[in-house]
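Read left to right, the sequence shown gives residues 1306 to 1541 (the numbering used here).
Every residue gets a Cβ at the ideal spot worked out from N, C-alpha and C, and that includes glycine.
Bear in mind the structure is a predicted one, so any value in this text is a computation, not a measurement.
Beneath this line is the structure, given in structure tokens, with notes to follow.
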Amino acid sequence: MLASYTDTAGRPLLCPSLLSCDFARIAEEIDRVKNEIDILHCDIMDGHFVPNLTFGPPVVASIRQATDLPLDVHLMVTRPEDWVDPFAKAGADTLVFQIESTVHSQRLATRIKELGCTAGVSLNPATPLQTLEELLPFVDMVLVMTVNPGFGGQTFIPEMIDKVKRLRQISKERNLPIHIQVDGGIDEETAPLMIQAGANMLVAGSAIFGTDDPAAAARKISLAANTAYLETFEAV
Ligand code: DX5
Ligand code: ZN
């Protein structure tokens, strides 16, 4: 499980999304970036919740065999209740479901923790933070989608900066040390904005695996994020 996050003891974590990697060479792609990153983000799409299809538990189990890095599994599926057990068994460390996909979110978050995983909940760009009011004490992480889920390579929605700021403020006021992850259009330019706003986990797909040198791209994003973190939270 991810260690609990506090504002002063959490350097930014970089979580490359495998969505933009070469699926025929996943292990090699992971090897290229493994020394520059913290967590691997696996995008699970079912063709119903989002208009795209990716992969399921057998592929996550194979990725688990290929790396010791933590696996962050982002469920963009209808009926996430059906999928948390199989993905936990496949080796997921973090399971993130979309709040729009279930009416039993507290039960689902509790089940994810029972499975020994970090519990995360994700919000589409138009889903208000208020939907989380009663759920926040039961989750370890909130993923603020900075694009509409379904595809890599989309344009970052700048209005999400304020959403992250408001969420970090709520977490402080309520003394809930949640991780805030952002996903969609994150690159060297947008990563610092999200860190300044209060996010601490950055998902980036095309900005890493869409380049000729994914390790160098990951290093640049990390440097930009860490610089913003030090300037914002550790300046004297
Ligand atoms: C979007 C996925 C993202 C996606 C990000 O539906 O949840 O994880 O891979 O891709 P980029 O970084 O290219 O926007
Ligand atoms: Zn994702």
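Rounded to the nearest whole angstrom, the CA to CA distance from E1439 to H1409 is 12 Å. The continuous beta strand (DSSP E) containing T1423 extends over residues T1423 to L1428. Setting aside the 5 residues that flank it on each side, G1352 is surrounded in the same chain by L1358, each with a C-beta closer than 7 Å to its C-beta; the list follows chain order. Contact check for R1337 against A1520 passes: the beta carbons are separated by less than 8 Å. The beta strand (DSSP E) runs of length 3 or more contained entirely in the region 1362-1403 are, from start to end of the chain, 1376-1381 and 1399-1403. D1343 places its beta carbon 8 Å or farther from that of L1324. Three or more pairs of CB atoms, one per stretch, sit closer than 8 Å, so the region 1428-1435 contacts the region 1458-1474. Minimum Cα-Cα distance from I1500 among the listed residues L1535, I1483, L1307 and K1525 corresponds to L1535. Beta bridge pairing from DSSP links C1320 with V1508. Set against 7 Å, the gap from the CB of I1491 to the closest heavy atom of ligand 1 is smaller. If you draw a straight line from the Cα of K1470 to the Cα of I1335, it is about 32 Å long.
Taking every residue with its beta carbon within less than 6 Å of a heavy atom belonging to ligand 2 gives, in chain order, S1322, H1346, D1348, H1379, D1488 and V1508. Distance from the CA of A1509 to the CA of Q1403, rounded to the nearest whole angstrom, comes to 18 Å. Counting the other CB atoms within 10 Å of its CB gives Q1411 a total below 16, which places it among the exposed residues. For I1483, no beta strand (DSSP E) run applies, since DSSP gives it neither H nor E. Look at P1356: its beta carbon is at least 7 Å from all of the heavy atoms in ligand 1. Where L1413 is concerned, there is no enclosing beta strand (DSSP E), although the alpha helix (DSSP H) around it starts and stops at S1410 to E1419. Here V1487 is near V1449, since their CB atoms are less than 8 Å apart. Contact annotation: S1476 and I1483 have beta-carbon atoms nearer than 8 Å. For D1348, the enclosing beta strand (DSSP E) has its first and last residue at L1345 to M1350. Judged by DSSP in its simplified three-state form, L1498 adopts helix.
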